[in-house]
Amino acid sequence: VRIALFITCIGDTVLPQVGIATVAVLERLGHEVVFPREQTCCGQMHVNSGYRSEADRLGERFMEVFGEYDTVVSPSSSCVGTMRELHPELHGRLFELSELLVGRLGVTDVGASFPHRVAYHPTCHSLRVTAVGDAPLRLLGAVHGLELLELADARECCGFGGTFAITNADTSAAMVIDKCRAIVASGASVVTAVDGSCLLQIGGRLSREGAAVRALHLAEILAQTGTR
Amino acid sequence: MSESARAFPAAAREALADSQLRTNLHNATHTIRDKRDRVVAEVPDWEELREAGRAIKADLLAHLDEYLLQFEQAVTDAGGHVHWAADAAEANALVLEIARAHAVSELVKVKSLTTDEIGLNAALAAGGVHALETDLAELILQLDGDWSSHILVPAIHRNRTEIRDLFRRTIADASISDDPRELAEASRRYLREKFFTARMAVSGANFAVAETGTICVVESEGNGRMCTTLPEVLVTILGIEKLVPTFADLEVFLQLLPRSSTGERMNPYTSLWTGTTPGDGPTEFHVILLDAGRTRALADEVGRQALHCIRCSACLNVCPVYSRTGGHAYGSVYSGPIGAILTPQLRGIEQAPSLPFASSLCGACYEVCPVKIDIPTVLLHLRAKAVQAAGKRSQRATMKTSAWAFAGRRRFAIAHRLGRLAQRPFLRAGTIKRLPGPLAAWTRARDLHSLSSESFRDWWERRT
Numbered sequence: 048v049r050i051a052l053f054i055t056c057i058g059d060t061v062l063p064q065v066g067i068a069t070v071a072v073l074e075r076l077g078h079e080v081v082f083p084r085e086q087t088c089c090g091q092m093h094v095n096s097g098y099r100s101e102a103d104r105l106g107e108r109f110m111e112v113f114g115e116y117d118t119v120v121s122p123s124s125s126c127v128g129t130m131r132e133l134h135p136e137l138h139g140r141l142f143e144l145s146e147l148l149v150g151r152l153g154v155t156d157v158g159a160s161f162p163h164r165v166a167y168h169p170t171c172h173s174l175r176v177t178a179v180g181d182a183p184l185r186l187l188g189a190v191h192g193l194e195l196l197e198l199a200d201a202r203e204c205c206g207f208g209g210t211f212a213i214t215n216a217d218t219s220a221a222m223v224i225d226k227c228r229a230i231v232a233s234g235a236s237v238v239t240a241v242d243g244s245c246l247l248q249i250g251g252r253l254s255r256e257g258a259a260v261r262a263l264h265l266a267e268i269l270a271q272t273g274t275r
Numbered sequence: 027m028s029e030s031a032r033a034f035p036a037a038a039r040e041a042l043a044d045s046q047l048r049t050n051l052h053n054a055t056h057t058i059r060d061k062r063d064r065v066v067a068e069v070p071d072w073e074e075l076r077e078a079g080r081a082i083k084a085d086l087l088a089h090l091d092e093y094l095l096q097f098e099q100a101v102t103d104a105g106g107h108v109h110w111a112a113d114a115a116e117a118n119a120l121v122l123e124i125a126r127a128h129a130v131s132e133l134v135k136v137k138s139l140t141t142d143e144i145g146l147n148a149a150l151a152a153g154g155v156h157a158l159e160t161d162l163a164e165l166i167l168q169l170d171g172d173w174s175s176h177i178l179v180p181a182i183h184r185n186r187t188e189i190r191d192l193f194r195r196t197i198a199d200a201s202i203s204d205d206p207r208e209l210a211e212a213s214r215r216y217l218r219e220k221f222f223t224a225r226m227a228v229s230g231a232n233f234a235v236a237e238t239g240t241i242c243v244v245e246s247e248g249n250g251r252m253c254t255t256l257p258e259v260l261v262t263i264l265g266i267e268k269l270v271p272t273f274a275d276l277e278v279f280l281q282l283l284p285r286s287s288t289g290e291r292m293n294p295y296t297s298l299w300t301g302t303t304p305g306d307g308p309t310e311f312h313v314i315l316l317d318a319g320r321t322r323a324l325a326d327e328v329g330r331q332a333l334h335c336i337r338c339s340a341c342l343n344v345c346p347v348y349s350r351t352g353g354h355a356y357g358s359v360y361s362g363p364i365g366a367i368l369t370p371q372l373r374g375i376e377q378a379p380s381l382p383f384a385s386s387l388c389g390a391c392y393e394v395c396p397v398k399i400d401i402p403t404v405l406l407h408l409r410a411k412a413v414q415a416a417g418k419r420s421q422r423a424t425m426k427t428s429a430w431a432f433a434g435r436r437r438f439a440i441a442h443r444l445g446r447l448a449q450r451p452f453l454r455a456g457t458i459k460r461l462p463g464p465l466a467a468w469t470r471a472r473d474l475h476s477l478s479s480e481s482f483r484d485w486w487e488r489r490t
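As you go down the protein sequences, you meet chains A and B in turn. End of the first sequence = 275 in my numbering, gap-free, step of one. End of the second sequence = 490 in my numbering, gap-free, step of one.
Put into structure tokens, the structure is as follows:
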């Protein structure tokens, strides 16, 4: 299948390794990945901050850039969910990565090997807006050597919330501190999710605490083939 | 009641620093959450009930003018008096007038958010009438000059040691312990005397039936029923959105409300009365229909769904923000997610511009709302209104600049390059520990991942 990649602004500038991993997984499965060069940002930050007209222009731009593609994937559930809510015609065309793999392409074993103890944080958008269901867990369950651990209060928000992390920094920090306490208590060496933005929040706190837990995007785990 | 006009972030910071409060809140909200989840899971048609609740309220709001007139007629026919109040001051003046007409200097109150919203107790006190709270938690707050921090459990922020000390100072003697039974018994003795002597009571309402003029109050303690049956004069203050069209509609809400609020299958007391009945209960009954910003909210097509709210408080208990900051930070008797969308609409967005931003948009509130209020969508809608109304200058610049940079791929690439230059002095082994300006808010508690030295698009270009 020919798949257009929507990398997202954060994925492009802060976490390029997530996009690189996404390309690796899809190509390993025999699909063709294309990258429409004109893409920038979906405007979610602007919607969430109350800047509607700016968001509308970015949304229109997104529709122009990706209009010609039947299958578009993004490694960010929150961008996907927001765009589908604002442009319902994207349903069935725009997918979050795990949705695409499990729901559209019918794959759970992507040939990955990752012999580590992993906790999965279901991000709020992936749970309640994009509704990816158990697709990420099924993919993780099929990764060779991976031990999936129970995370306490898993459905509780990590406190990122876009500009909320800045405008309500104290509340946001209280939330991520609790989230990281649960992650560390799970015994995991890696925490994963399907949103890079939430992983910046969680990873930033783990790093501040000097915790021996890495925050990796699901795509980065699925891209690992190791010695299998 | 000391409502705060402070912005949410500052009020929240203070609350977050109180570790006893954090513990009290965490325990209480998680206990109610779990109870709610268990009893909701028992109901096979819960989703259909939610949809029915939403549809009934949507119909009510679409024809509110007609239902209000129908209600007025029904109450009048049943021997009651109906008054219309455009705002808090009018409603309070009406209650004071009724009290004076009966030469009442003390009246008893059923727990009521609406009366708290309009500051009734203070207004009555200014007019020489003492309004005594009879709900145990409300009484505790009144005795201590404190105010409610939760829609359902007003004293959720207090523990029983604090309450024992308060009772020793006020209504009990020094021998009382912190045993909940002893505390309840002390309040019972104190209140019983008041119920027998009070000649006037004030209540709010959970529901009011347009078809029949019936008022419905649900409660756990039975103190509310004492108020609505013993005194000769009863006044109910009713937000106009509390109506339901027909008596049969109560069937839906009396299933939705207790499971969502206290996590009970059924609440212990449900009181229903229609006008007056000779030889039974009050001989004089008044209803005050209160607007106080509700028609303003009604005019907003997106925001009006906030008026569906049946005050169950399920959204507070699941909210990751509320369960850490508590209710006082919201500066209104309506706290948590529902408060964040209701208060700015009742008072006007310019009066509470920080509230729609007091959410991480996690969506847990929408998931549990028994009448399906899409709180995240209303939050976004109100954020846009807040930005239009005032706008924070620093954020405005960020938003405008970023929108400009995102409008073309070359601009975007340039912005990335400039960002990399700007972050260079702060980089320590790939991460940023401390930043000046607005981003300091991030780095106070978290490291910041740096912008990558090679963007994805540069990698892509290099590869192909």
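C-beta: ideal position from N, C-alpha, C; glycine also. All of these numbers come straight from a predicted model, not from anything done at the bench.
Please state whether DSSP places residue i in a helix, a strand or coil.
i      : result
M292/B : coil
S28/B  : Note that S28/B has pLDDT 35, beneath the 50 cutoff, so the model's placement of it is unreliable and no number is given.
L538/B : Any question about residue 538/B goes unanswered here, given that chain B covers just 27 to 490.
A157/B : strand
K137/B : coil
D306/B : strand
F113/A : helix
R470/B : coil
G128/A : helix
L477/B : coil
S160/A : strand
Are any of the Cβ atoms in chain A nearer than 7 Å to that of residue i?
i      : result
R194/B : no
L461/B : no
T57/B  : no
F452/B : no
T457/B : yes
L42/B  : yes
C341/B : no
H183/B : no
A151/B : no
A416/B : no
P35/B  : yes
M425/B : yes
S28/B  : Reliability fails at S28/B, whose pLDDT of 35 lies under 50, so the model's placement of it is uncertain and no value is given.
P180/B : no
Between the Cα of residue i and the Cα atoms of the options, which residue gives the shortest distance?
i      : options                           : result
E194/A : A216/A, Y167/A and S145/A         : Y167/A
A114/B : E290/B, N147/B, L474/B and E159/B : N147/B
A38/B  : F279/B, A384/B, A471/B and L167/B : A384/B
F211/A : A41/B, C388/B and Y216/B          : C388/B
R131/A : A178/A, C171/A and Q248/A         : A178/A
I336/B : Q371/B, A390/B, P363/B and C395/B : C395/B
A467/B : L269/A, A258/A, G257/A and Q248/A : Q248/A
L167/B : R190/B, G154/B and A125/B         : R190/B
E115/A : E101/A, L137/A and R104/A         : L137/A
F34/B  : A429/B, I399/B, S380/B and I401/B : S380/B
A159/A : T69/A, H191/A and A229/A          : H191/A
L263/A : S100/A, D103/A, L147/A and H163/A : H163/A
State yes or no: is the beta carbon of residue i nearer than 7 Å to at least one beta carbon in chain B?
i      : result
D242/A : no
P83/A  : no
S124/A : no
Y167/A : no
Y116/A : no
T55/A  : no
Output needed for residue i: all residues of its chain with C-beta closer than 7 Å, excluding positions within five of it in sequence on either side, in chain order.
i      : result
T238/B : A100, F273 and T300
Would you verify that the beta carbon of residue i is, or is not, closer than 7 Å to some beta carbon of chain C?
i     : result
T60/A : Among the protein chains in the structure shown, which are A and B, there is no chain C.
Give me, in chain order, the residues of the same chain whose beta-carbon lies closer than 6 Å to that of residue i; leave out the 5 immediate sequence neighbours on both sides.
i      : result
C171/A : C204
G362/B : C341, L342, C345 and Y348
T369/B : S358, Y360, A378 and L381
Quick one: what's got a C-beta closer than 8 Å to residue i's C-beta in the same chain, skipping five residues either side?
i      : result
Y93/B  : L86, A236, L269 and P271
C126/A : F53, T55, C89 and Q91
S244/A : I57, S123, S125, F207 and G209
Chain B contacts from the segment 213–226 of chain A (Cβ-Cβ distance under 9 Å)
I213, T214, N215, A216, D217, T218, S219, A220, A221, M222, V223, I224 and D225
Residues from the segment 238–271 of chain A in contact with chain B, defined by Cβ distance under 8 Å
L247, Q248, G250, G251, R252, S254 and R255
Residues from the segment 397–409 of chain B in contact with chain A, defined by Cβ distance under 7 Å:
L406 and R409
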